[in-house]
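FYI, the numbering for the sequence shown is 2 to 174, going by the working numbering.
Here a beta-carbon is modelled for each residue, glycine too, at the ideal position from N, C-alpha and C.
Note that the structure is predicted; figures quoted are calculated from it, not measured.
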Amino acid sequence: MAKILNVPRYTSGFCHALMKIYPAQYNQIFILRCTSLENMEVFFDGFAKELCPFDIEFVDMDIFPSNVLGGVESGCMSLRVKTTPQLVDAQKRLNEELYKVFGPCPAEHDNDYIFHMTFAIGGADYESYQGAYDELIKSDYNQIFRFSKLGLLYYDDDDITPGTYFCYKVCDI
């Protein structure tokens with residue numbers, strides 16, 4: 002199911018005019034460096050087979066400054082996801098399985114992770130993000146969707162520069 006939000010275009014090339022947010026992906030872990038994409042893909046395929054589809058509910062919209070893309074000051078917007086036992090269990094299993102296969106894989110927010118779906122990051126100044134947020138927060142984003150696919154997202158650059166991030170693979174669960 003796709004939902005299109007019509008929001009004015011802001012400066013710096015950050016266009017919100019057609020923002021697809023459904024079907025959605027939600028974030029399970031933060032950036033993890035790996036030495037072998039092939040080994041990560043084998044792990045990913047096995048982990049995807051262990052999961053079963055479940056519902057995810059969006060409960061809030063967040064905005065915050067970000068410089069994750071190449072160190073450039075910008076913004077980030079995300080929809081917060083309601084924490085459920087299924088999500089907590091999937092996160093716990095993912096971290097345990099990553100540790101078994103790859104050893105310690107610490108992430109920046111291991112102890113205070115907030116389940117969310119990032120829908121905009123980088124590409125504009127923070128003021129543009131604030132303007133978009135002020136419009137988007139008026140939308141009906143409190144939706145429930147069925148989590149039924151798992152995506153392996155990949156940065157093709159250790160500096161995490163814009164244009165090097167893509168969805169490498171998607172598996173049905």
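Neighbour-count burial assignment, residue i, 16 or more Cβ in a 10 Å radius
{"i": "L154", "result": "exposed"}
First through last residue of the alpha helix (DSSP H) which encompasses residue i
{"i": "L95", "result": "P86 to F103"}
{"i": "V43", "result": "L38 to E51"}
7 Å Cβ cutoff met for residue i and residue j
{"i": "S67", "j": "I122", "result": "yes"}
{"i": "I174", "j": "L52", "result": "yes"}
{"i": "G76", "j": "Y130", "result": "yes"}
{"i": "Y134", "j": "M78", "result": "yes"}
{"i": "F44", "j": "V102", "result": "yes"}
Closest Cα partner of residue i within the set the options
{"i": "Q144", "options": "F44, F59 and E39", "result": "F59"}
{"i": "M62", "options": "D90, E74, I115 and E42", "result": "I115"}
{"i": "Y142", "options": "L80, S129 and S75", "result": "L80"}
{"i": "F120", "options": "V73, Y169, V171 and V82", "result": "V82"}
{"i": "E74", "options": "F44, E97, C35 and G124", "result": "G124"}
{"i": "Y100", "options": "M41, V171 and G71", "result": "M41"}
{"i": "F48", "options": "R94, L70 and E39", "result": "R94"}
Same chain, Cβ closer than 8 Å to residue i, neighbours up to 5 away in sequence not counted
{"i": "S149", "result": "P54, D173 and I174"}
Segment limits, beta strand (DSSP E) that includes residue i
{"i": "D63", "result": "F55 to S67"}
{"i": "G71", "result": "First-last for G71: undefined, no H or E at that position."}
Sequence-distant residues of its chain with Cβ nearer than 7 Å to residue i (five each side left out)
{"i": "R219", "result": "Lying before the first or after the last residue shown, residue 219 is absent from the chain, which here runs from 2 to 174."}
Close Cβ partners of residue i (< 6 Å) along its chain, the five nearest in sequence each way excluded
{"i": "C168", "result": "G152 and L154"}
{"i": "L88", "result": "F116"}
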